[in-house]
Amino acid sequence: MNETWESMIQTAGGGTLKPVPPILAQGGVAQQTGNYLQQIFGQLSEFVPNLLGALAILIVGIVIALIVSKVIKAVLNRTSIDNTIAGWITGGQEGAEAPQVEQWISGAVFWIIIIFTVVATLQNLQLQVISQPLNNFLNQIFVYLPQIVAAAVLLAVAWLVATIVKLITVRVLRAAGLDERFSQQVGGGSQGQSSSGGSTSRGGGPQGQSSSGSSTSGGGGSTNQFSLSETIGSVLYWFVFLLFLPAILSTLNLQGILAPVQELVNEVLAYLPNLLSAILIAFAGWVVARVISRIVVNLLAAAGTDRVGSRFGLGGTGSQSLSWIMGTIVYVLILIPVAIAALQASQINAIADPAIAMLNQILVILPNIFTALGILILGYVAGKYISEFVADILAGFGFNNVFQWVGMRSPLPTSRPEGETPRGTEARTPSELMGIIVWAGIVLFATLSAVEIIQIPALTQLVNGVIVIAGQVLVGLIVLAVGLFFAQLAFNLIVSAGTSQSRILGQVARIAIIAFSVALGLQQMGIGSNIINLAFGLLLGAIAVAIALAFGLGARDIAAEQVREWLDSFKRKQ
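In the numbering used here, the protein residues as written are 3 to 576.
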């Protein structure tokens with residue numbers, strides 16, 4: 003019991019009460035109890051002022067913390083200081099969500115005052131066991147405060163330099179019209195053509211400027227449109243911060259973070275000259291490629307190349323002109339070696355090596371591609387003229403009457419009044435159809451030669467298969483046409499005999515020959531040879547059985563009488 007009172011009194015007095023002598027079992031109990039109570043009330047009277055002072059300090063500290071935090075928040079809300087700090091954090095990016103800087107700062111000030119208030123309260127209560135760690139914590143903060151201030155100064159200098167660099171970069175690039183030119187190159191491909199001088203001018207190609215390119219940063223541009231100058235400025239902005247980051251971390255003595263950051267910065271700075279060299283090479287090559295492609299386009303347009311291309315459907319509505327196509331080819335041919343040189347200058351082997359190997363393969367195969375394209379163009383042009391020549395010769399020989407030769411109605415185009423627009427696709431004459439077939443055959447063989455030069459086995463096999471199938475179909479159609487001709491010839495010969503049943507016999511002969519020629523034609527086309535042979539055999543067998551049954555059962559008496567006449571005539575001759 004004595005120990006319990008002693009511990010309670012020590013706790014209430016903050017450790018200042020002296021131990022109470024133990025209660026003796028012999029006499030004077032009332033006197034000793036009174037002494038103990040006097041001591042307790044005396045020490046409580048000494049402790050109560052400390053307790054009241056501590057409560058007063060705590061209440062005043064909380065009030066001061068609330069007032070100061072509210073004042074700071076109001077000041078930050080009425081000034082642009084918080085917006086400036088938020089701009090430092092976000093890098094000045096438009097549309098980025100701004101952090102609540104005034105809330106952060108006012109909250110930090112509030113809790114700092116609260117910590118000091120708690121330390122003062124604990125010291126007033128003489129609770130050294132609790133107040134000593136907080137004092138040590140605050141001492142460490144004040145010892146570290148000069149380093150924090152120095153880091154903050156470096157951070158402010160970094161922000162100032164980065165802001166100036168970004169501002170100068172963005173303004174210079176906007177003054178040079180980088181955003182407008184970039185938007186023309188990226189989104190100008192759908193602009194209309196300018197047909198002056200026979201040349202095509204498109205924003206998306208190597209030639210010409212688009213009159214409707216929009217500025218991403220100008221007065222009339224869309225605010226949510228991509229701005230290349232703003233992007234480059236932001237990259238430089240954060241690059242300046244990256245350069246200052248090792249110094250800031252070194253000031254804060256954060257060695258664990260400083261080492262990898264310093265290594266990263268060193269690697270970036272080591273690659274930076276190579277990267278700048280690659281960018282300069284690529285930019286210079288791009289400028290040269292654009293200039294040369296424009297010269298080529300203008301020269302070809304002035305030479306009348308577009309008029310030649312218009313004969314083959316180039317340069318019309320929704321298509322590019324021949325001069326623009328040639329300029330684009332020149333543009334790409336210049337950019338490929340430029341890209342190789344830029345990748346080699348960058349010395350980023352993980353990216354450069356596979357890209358350079360791919361571009362080298364393209365350069366190796368380009369001569370074969372151009373040779374194949376030349377063969378295709380030559381085959382197309384030669385096929386066009388040869389098809390016209392073949393159509394004229396066949397028309398001179400009267401080939402347009404081929405449908406009459408085979409006994410079919412001729413689908414010749416009907417004449418229309420002059421000036422009337424034809425509806426749909428005009429029907430072509432047989433001679434024109436043969437010319438188109440010749441044209442297609444020439445183009446197919448030119449395609450086969452082209453793919454053999456390109457040396458793509460799968461494509462070569464595909465074209466070979468197409469040619470084989472086309473040949474089989476053509477032979478089958480020729481067989482069918484010959485069969486139709488002979489069927490009509492047999493019909494005419496039988497009808498010309500003038501017998502009573504000659505027309506019926508002629509139709510039977512015609513149908514038989516047509517069926518036979520259809521079977522042969524389908525067999526030549528390779529369409530189910532076994533099925534066709536079986537079907538044709540079954541059909542002939544069915545016809546023979548039908549004739550036999552019709553003659554044997556339906557005309558049995560007539561057949562018996564006819565046989566008797568043949569036998570009597572044979573006996574008389576003997």
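Heads up, the beta-carbon is just placed ideally off N, CA and C, and yes, glycines get one too.
None of these values were measured; they are calculated from a predicted model.
On the three-state DSSP scale, how would you describe residue i?
i	result
R430	coil
F399	coil
A305	coil
G467	helix
I350	coil
R574	helix
N137	helix
S295	helix
G179	coil
Q457	coil
G528	coil
L378	helix
N255	coil
L129	coil
A550	helix
S229	coil
A499	coil
S323	coil
R512	helix
T142	Residue 142 is actually Gln in this sequence, not Thr. Correct three-state label for Q142: helix.
G102	Note on residue identity: the sequence assigns Gln, not Gly, to residue 102. Coil, per DSSP.
R313	coil
Using a Cβ-Cβ cut-off of 7 Å (strictly less than) and excluding sequence neighbours within five positions of residue i, which residues of its own chain qualify?
i	result
V475	M527
A56	T123, N126 and L127
G220	At G220, the pLDDT of 41 sits below 50, so the modelled position is not reliable and the matter cannot be decided from this model.
A164	Y239, V242 and F243
Q264	P248
L361	I338, A341 and I342
Who are the Cβ neighbours of residue i in its own chain at under 8 Å, not counting the five residues just before and after it?
i	result
A354	L345, Q346 and S348
N370	I455, I456 and Q457
T171	S231, I234, G235 and L238
K72	S108
V481	S519, L522, G523 and Q526
I469	L446, F447 and L450
G343	What sits at residue 343 in the sequence shown is Ala, not Gly. I283 and G287, listed in sequence order.
L260	P248, L251 and S252
M328	V298, V299, L302 and T307
N465	A small fix is needed here, since residue 465 is Val in this sequence, not Asn. Counting only Cβ-Cβ distances below 8 Å, and skipping sequence neighbours, we find L446, T449, L450 and V453.
G485	I515, I516, F518, S519, V520, L522 and G523
W441	G385, K386, I388 and S389
Skipping 5 residues on each side, what residues in its chain have a beta carbon closer than 6 Å to that of residue i?
i	result
A67	F112, I115 and I116
T307	L324 and S325
S498	none
T373	I455
V145	none
P262	none
L180	L230 and S231
F538	A521
V159	none
R512	A489 and F493
P587	Nothing about residue 587 can be read from this structure; the chain reaches only from 3 to 576.
- Query: How do the stretch 443-463 and the stretch 490-497 stand: do at least 3 beta-carbon pairs fall below 8 Å, yes or no?
  - Reply: no
**Prompt:** Touching or not, the stretch 126-146 and the stretch 231-242, by the rule of three or more beta carbon pairs under 8 Å?
**Reply:** no
- [ ] Would you check if the stretch 327-336 and the stretch 278-295 touch, i.e. whether three or more CB-CB distances between them fall below 8 Å?
- [x] The count of Cβ pairs closer than 8 Å, one atom from the stretch 278-295 and one from the stretch 327-336, reaches three, so the stretches are in contact.
Check your understanding: Is the stretch 445-453 close to the stretch 381-393, with three or more CB pairs under 8 Å?
Key -> Yes: the two stretches touch, three or more of their Cβ pairs being nearer than 8 Å.
Practice prompt. Evaluate the contact criterion for the stretch 297-304 versus the stretch 278-285: three or more CB pairs, one atom per stretch, below 8 Å.
Written response: no
- Taking contact to mean at least 3 C-beta pairs separated by less than 8 Å, is the stretch 147-156 in contact with the stretch 251-258? yes
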